[in-house]
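Engineer: Sharing a structure, written as structure tokens. Questions coming.
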Amino acid sequence: PDFMPSDEELRTRILRSLRRSVYPAGYRHQMAAIAENGDRRELLKRISVPALVIHGKADVLVPTAGGIDTARHIDGAKLKLIEGMGHDLPRELLPRLVRMISEHTASSQAS
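Numbering (my numbering), first residue to last: -3 to 107.
Here it is in structure tokens:
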């Protein structure tokens, strides 16, 4: 990803996370739930509100194809692929993401 936190910011995030909780079984449970849940495409087709799918092109957890497929299965969804963004919300991109979401919300309310 292009938007890597500084070493100090990364250290702060890790320490905050460790202080909050270390629960390895929770991670395993989450991964098992995701795997067991299966294909959600039929559920996506039932979404009837204006949808904006934002996906990082540098996401190593969920490939770009997953974001594209999600948008394809929601009628009328808008897709925004963000160059250099991974599976997080980097501070550098927050103004851009807020603007995209605000514009989407405003255009949806106008319809």
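C-beta atoms are modelled at their ideal positions from N, C-alpha and C, and glycine is treated no differently.
Would you check if the distance between the CB atom of I30 and the CB atom of G52 is smaller than 8 Å?
Structural biologist: no
Engineer: Leaving out the 5 sequence neighbours to the left and right, which residues in its chain are closer than 8 Å to M96 when beta-carbon positions are compared?
Structural biologist: L48, I50, K76
Engineer: Using a threshold of 8 Å, state whether the C-beta atoms of D(-2) and A61 are closer than that.
Structural biologist: no
Engineer: Is there at least one non-hydrogen atom of the ligand GTP closer than 7 Å to the beta-carbon of R15?
Structural biologist: No copy of the ligand GTP occurs in the structure displayed, which carries no ligand at all.
Engineer: In the structure shown, what three-state DSSP assignment does H51 receive?
Structural biologist: strand
Engineer: According to DSSP, is L85 helix, strand or coil?
Structural biologist: Correct three-state label for L85: coil.
Engineer: For the alpha helix (DSSP H) containing I78, list its first residue and its last residue.
Structural biologist: No alpha helix (DSSP H) contains I78, which is instead part of the beta strand (DSSP E) from 74 to 78.
Engineer: Taking only the alpha-carbon atoms, compute the straight-line gap between S44 and H83 and give it to the nearest angstrom.
Structural biologist: 26 Å
Engineer: Rounding to the nearest angstrom, what Cα-Cα distance links A21 and Q105 in this structure?
Structural biologist: 42 Å
Engineer: For I70, does the count of other Cβ atoms within 10 angstroms reach 16, so buried, or fall short, so exposed?
Structural biologist: buried
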